[in-house]
Amino acid sequence: MTRRGLILFVSLGIAWGIPYLFIKVAVGELEPGMVVLARAGLAAILLMPLAFFRREVVTVVRRWKPMLAYTIVEIVLPWYFLSSAEQRLPSSTAGLLLAAVPLAGVAVAFAMGRPARLSRVNWLGIALGMLGVAALVGLDVAGSDLGAVAEIAVVVVGYALGPAILARWMSDLPGVGVVAVSLAATAVIYIPFVLFTGGWPTEMPSPAVIVSIIVLAVVCSALAFLLMVGLIAEIGPVKATTITYVNPAVAVAAGVLVLGERITVWTIVGFVFVLLGSFLVTRRRLEPTAPDAPAGPEAVGAEPGTEPSNRERAVE
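The numbering of the sequence shown is my numbering, which starts it at 1 and goes up by one.
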């Protein structure tokens, strides 16, 4: 990896690992819907001018049906349920549970009728990942609100389904335009939701909450996407997916160091099993290729249980 690639990798790992910390701070004073509205709205304000300048907005809007479906499963629902769950779960636990997204990706591939051929190593990864989630939910999160755990499950499924929709129906669309439009659509959806549910704050939030919203929008959403684009250009899409294994570690470190969250033995056990399982389930099975065979998705780095796309998860 080049020096530039390393800088991009570390920066993106931090940008996608710290949202859980700042969401935890924000929901201490704001309703989950307001957190989503503020984050999506500010990020859209930053990215929409770039998308318009590159003439990508109209192209994306023309594909509005899959665009709307993608927006709902990737941002509208996950961001709300993640914010709601973090009202009751430690930020580090939320980050660890979301490391199971690659495992859910396998199930999504089967559900969409495009199952990948899984090797024994891939199946071992699924088993280890399930054990890791069981350790976190059944032992480390024992006594916590199981409703919050269910909300995290919705987030995991959404984050696995979003890239699959993107890959099947919108893989030819420009990335900046897709993210900018989806963020803007999310903000539009949440304006009436916040107003009708009484989620609008009655007093000015504290400086810590304001800073948290700004970081979530600027660093964890808008800047993170641009970093992701640069990282893929520098090291390729396959190597870039390894960022998935860095985010949970950053989430745990941030929760412990900044918020003083507790780490148990089962936190460590679940962390190791989920990450190892996610690594193994996305490991490619190497097979000999005929010399004259045309290069398809498998030849350029498609992974078991995933759909090739121009964006892995730009809006964590």
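Glycine residues also receive a C-beta, built at the ideal position from the N, C-alpha and C atoms.
Residue state for PRO201 is assigned as coil, using DSSP reduced to three classes. The distance from the Cβ of MET34 to that of TRP200 is about 7 Å, consistent with a contact at the 8 Å cut-off. Per DSSP, the continuous alpha helix (DSSP H) segment holding LEU68 begins and ends at 64-71. Between PRO49 and TYR80, the C-beta gap is not smaller than 8 Å, which leaves the two residues out of contact. A direct Cα-Cα distance of roughly 18 Å separates GLU74 from VAL218. If you check the CB distance, LEU46 and ALA185 do not come in under 8 Å. The beta-carbon separation of ALA100 and VAL156, rounded to 5 Å, stays under the 8 Å limit for a contact. Taking the Cα positions, MET204 is about 40 Å away from ALA134.
Out of ILE18, GLU151, ILE165, the CA that lies nearest to the CA of ALA109 is found in ILE165. For GLY95, the closest alpha carbon among the candidates ARG62, PRO174, ALA251 is that of ALA251. Taking C-beta atoms as the reference points, VAL25 and ALA208 count as a pair closer than 8 Å. Between the stretch 53-65 and the stretch 110-130, the count of C-beta pairs closer than 8 Å stays below three; the two stretches do not touch. Residue environment for VAL272: exposed (fewer than 16 other C-beta atoms within 10 angstroms of its C-beta). Within the same chain, Cβ atoms closer than 6 Å to the Cβ of ALA160 are found at VAL101, ALA104, GLY105, VAL108, the five residues on either side in sequence being excluded. Within the same chain, Cβ atoms closer than 8 Å to the Cβ of ILE263 are found at SER92, VAL252, VAL256, the five residues on either side in sequence being excluded.
Residue state for VAL246 is assigned as coil, using DSSP reduced to three classes. By alpha-carbon distance to VAL188, the top candidate from PHE22, THR2, TYR70, LEU37 is LEU37. Annotated as proximal: LEU12 and LEU231, with beta-carbon spacing under 8 Å.
In the three-state scheme derived from DSSP, where H, G and I count as helix and E and B as strand, GLU74 is classed as helix. Taking a contact as a CB-CB distance under 8 Å, the pair GLY132 and VAL246 does not count as one, their CB atoms being some 17 Å apart.
In this chain, the alpha helix (DSSP H) harbouring VAL149 covers 146-169.
The continuous alpha helix (DSSP H) containing GLU234 extends over residues 224-235. Ranking ALA85, GLY236, PRO163, LEU89 by CA distance to the CA of THR2 puts GLY236 first. Spatial neighbours of ASP145 in its own chain (CB-CB distance under 7 Å, excluding positions within 5 residues in sequence) are listed in chain order as ARG88.
Rounded to whole angstroms, ILE243 and ALA222 show a C-alpha spacing of 17 Å. PHE53 places its beta carbon 8 Å or farther from that of SER212.
Excluding sequence positions up to five before and after VAL76, its CB lies within less than 7 Å of the CB of THR186, ILE189, all in the same chain and listed in chain order.
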